[in-house]
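Have a look at the structure below, then the notes.
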């Protein structure tokens, strides 16, 4: 089974704090990590490979530094890694990104399954997976929380919905995006870390994936950011201290005054 | 052609405003070789820069030169008119976000001097069309076929695309639900137009007829206003519970159009097999007015039973932080935050949740009630009402108090 996992390198927001003066994220010295959802995508790809044989190729689009995340993915069990990097890709929105990514995937060659994380923690759009599937002309299923059955011709998965889940069957090739519930990612093994160190990362640029240059980067992006601003920050309100009974009574009074209870 | 951005070193005074404003961490301050150490120079890492212009806006010295190329397109924008709302239905029930979008869509259509249409896709669904007209739609396009009984990404996006090709709307609003977020990107990719996710504000620029779409990024720490200047239609997914629902008006008339579809052209390579309902909650957490959520401080499965009692009493839904889900006290479907769900209740009651940024990004509540032993934790600092104490003492008292209120 040929499996492709798409990942993104994002700033690590786990330890990020808000600067009290500017009310912004403190970004100085913030390390880059694999997008949290993508860890589940890598793990699921590796599990499929372990069960059915084959190969996991991990791919990312980003600056040269994104290579670190690709090596991390190899340490977690992926076999090969491709970095799609070129200054011409800078400023891509989701449409230009998925066009670039789909062109790179076509360059890699045949595949059975493409797995993406549900969304990235910096942009939160959840658009790259579905949009890439469309550009590749293959079906997709979003928010997969479990793979139930895989046979030679089809795969059955649980698609998480607001009110439960749908059981969906698809033919190959197929792309799906995964949510956290699908697995618990492993920590990199020593063997994996060794492989990551030695791995040769393939790099694709504009020429090697044969893209239409009108459809990439900022000029290939239909959407444009015209303004960026800080939302008003939530500030603290009323403090209730004292006996539990009184604290509780005060709260219930406030909420009933507001017509909530 | 490419975009360019550069610092004009003669004008830069090293004030660091741009570095602080950059949402992508692409600007750092460097020393100037032949100047005193105090006079720093801003430096842009072009690998990280997205040419968003945030630095440009804050620079008081005009020291940043940014030129952007217009997106390349051959679309004649004047051919595109009308505002569309996707009337999402699941199991034959119209999602409330559709009514919210009809309300907002009506205002946008009025400002643009055009009409508002609703798009209804499903099986045996035509009876729902009048309800959409009563909520403000001038026209309802109905795609009614057994093929559309259950939502599937490919079939829904294909029929939606065919409708767009035929009718050419100017703006399309889709709820940012599980369904909307899954198929809208496919539609936008087919049309090759822009799609802005999770919008929380929509305004018209009257000179250009562009839709100014504002959305949170970086977990809500910054807001970005985005336009689709040269492409049509302009597409947005919009968060649930941001706009008010359109009111029902009886006796209004509108046009109901059966979209003649050619089934042979609808590709569908996935098959719906079955729906399994989540029995652990009767209320959809993303649609709840009140959410009672628990974190690490809850400490056990039993603790969540107590929170459930409070949630049930208030007619609310039960939520949890990642720590509580990872501890196995409550299923993942209740998780709120970065790797879970986003909720927009009127009241959010956070019990034993410290309020890490990954959790807070999933909470868009009018009122936050925090109950925690630790007064200094982030959740207590931002709460509308911060209750200091043990949840096992306070929550039972709240329950008792509400019951006695209700008795009176």
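Chains as they are written, first to last, in our numbering: chain A, 3 to 263; chain B, -5 to 402.
The beta carbon of each residue, even a glycine, is placed where N, CA and C say it ideally should be.
Model, not experiment: these values are computed from the prediction.
Proximity of residue i and residue j at Cβ, strictly below 8 angstroms
i	j	result
residue 140(A)	residue 161(A)	no
residue 279(B)	residue 328(B)	yes
residue 218(A)	residue 107(A)	no
residue 97(A)	residue 182(B)	yes
residue 301(B)	residue 284(B)	no
residue 152(B)	residue 261(B)	yes
residue 378(B)	residue 361(B)	yes
residue 166(B)	residue 106(B)	no
residue 173(B)	residue 212(B)	no
residue 59(A)	residue 71(A)	no
residue 289(B)	residue 311(B)	no
residue 225(A)	residue 95(A)	yes
residue 182(A)	residue 167(A)	no
residue 15(B)	residue 23(B)	no
residue 190(B)	residue 207(B)	yes
residue 176(A)	residue 157(A)	yes
residue 38(A)	residue 124(A)	no
residue 57(A)	residue 88(A)	no
Bridge partners - residue i, DSSP secondary structure assignment
i	result
residue 195(B)	208(B)
residue 79(B)	112(B), 167(B)
residue 178(A)	117(A), 143(A)
residue 13(A)	34(A)
residue 160(A)	148(A), 169(A)
residue 59(B)	0(B)
residue 4(A)	57(A)
residue 82(A)	59(A)
residue 249(B)	133(B)
residue 90(B)	For residue 90(B), which the question treats as bridged, DSSP gives no partner whatsoever.
C-alpha gap between residue i and residue j, whole angstroms
i	j	result
residue 393(B)	residue 400(B)	11 angstroms
residue 25(A)	residue 233(A)	Any reading at residue 25(A) must be qualified, since the residue scores a pLDDT of 48, below 50, and its modelled position is unreliable; no value is offered.
residue 102(B)	residue 136(B)	22 angstroms
residue 226(B)	residue 133(A)	17 angstroms
residue 112(B)	residue 96(B)	8 angstroms
residue 193(B)	residue 128(B)	25 angstroms
residue 251(A)	residue 391(B)	8 angstroms
residue 229(A)	residue 342(B)	30 angstroms
residue 404(B)	residue 346(B)	One cannot answer for residue 404(B) here, as it falls past the ends of chain B, which runs -5 to 402.
residue 201(B)	residue 78(B)	21 angstroms
residue 59(B)	residue 263(B)	49 angstroms
residue 263(A)	residue 282(B)	14 angstroms
residue 238(B)	residue 91(B)	9 angstroms
residue 230(B)	residue 61(B)	26 angstroms
residue -2(B)	residue 46(B)	11 angstroms
residue 112(A)	residue 222(B)	34 angstroms
residue 100(A)	residue 208(A)	14 angstroms
residue 72(B)	residue 269(B)	43 angstroms
residue 363(B)	residue 340(B)	11 angstroms
residue 155(B)	residue 135(A)	15 angstroms
residue 19(B)	residue 1(B)	16 angstroms
Interface partners of residue i on chain A, CB under 8 angstroms
i	result
residue 43(B)	92, 93
residue 192(B)	126, 127
residue 341(B)	257, 262
residue 184(B)	136
residue 399(B)	254, 258, 263
heavy atom of the ligand ADP below 7 angstroms from residue i C-beta
i	result
residue 161(A)	With respect to small molecules bound, the structure shown includes none, and the ligand ADP cannot be examined in it.
Beta-carbon neighbours of residue i, restricted to chain B and to distances below 9 angstroms
i	result
residue 166(A)	269, 270, 271, 272, 273, 327
residue 133(A)	179, 180, 182, 183, 189
residue 32(A)	19
Closer than 9 angstroms at the beta carbon, the chain A residues around residue i
i	result
residue 379(B)	239, 240, 241, 242, 252, 253, 256, 257
Of the residues the options, the one placed nearest residue i, counting alpha carbons only
i	options	result
residue 45(A)	249(A), 111(A), 201(A), 75(A)	75(A)
residue 186(A)	21(B), 322(B), 1(B)	322(B)
residue 44(B)	172(A), 159(A), 64(A), 56(A)	64(A)
residue 160(B)	175(B), 171(B), 147(B), 185(B)	185(B)
residue 157(B)	354(B), 259(B), 334(B)	259(B)
residue 395(B)	260(A), 261(A), 249(A)	249(A)
Where residue i meets chain B, residues with beta-carbon distance less than 8 angstroms
i	result
residue 145(A)	172, 176
residue 170(A)	146, 264, 265, 266, 267
residue 232(A)	215, 216, 217
Chain-ordered chain A contacts of residue i [CB-CB under 7 angstroms]
i	result
residue 223(B)	226
residue 280(B)	164
residue 375(B)	238
residue 0(B)	Simply none; closest approach about 14 angstroms.
Residue i: contacting residues in chain B (beta-carbon distance under 7 angstroms)
i	result
residue 268(A)	The requested residue 268(A) is not part of the displayed model; chain A covers only 3 to 263.
residue 89(A)	40
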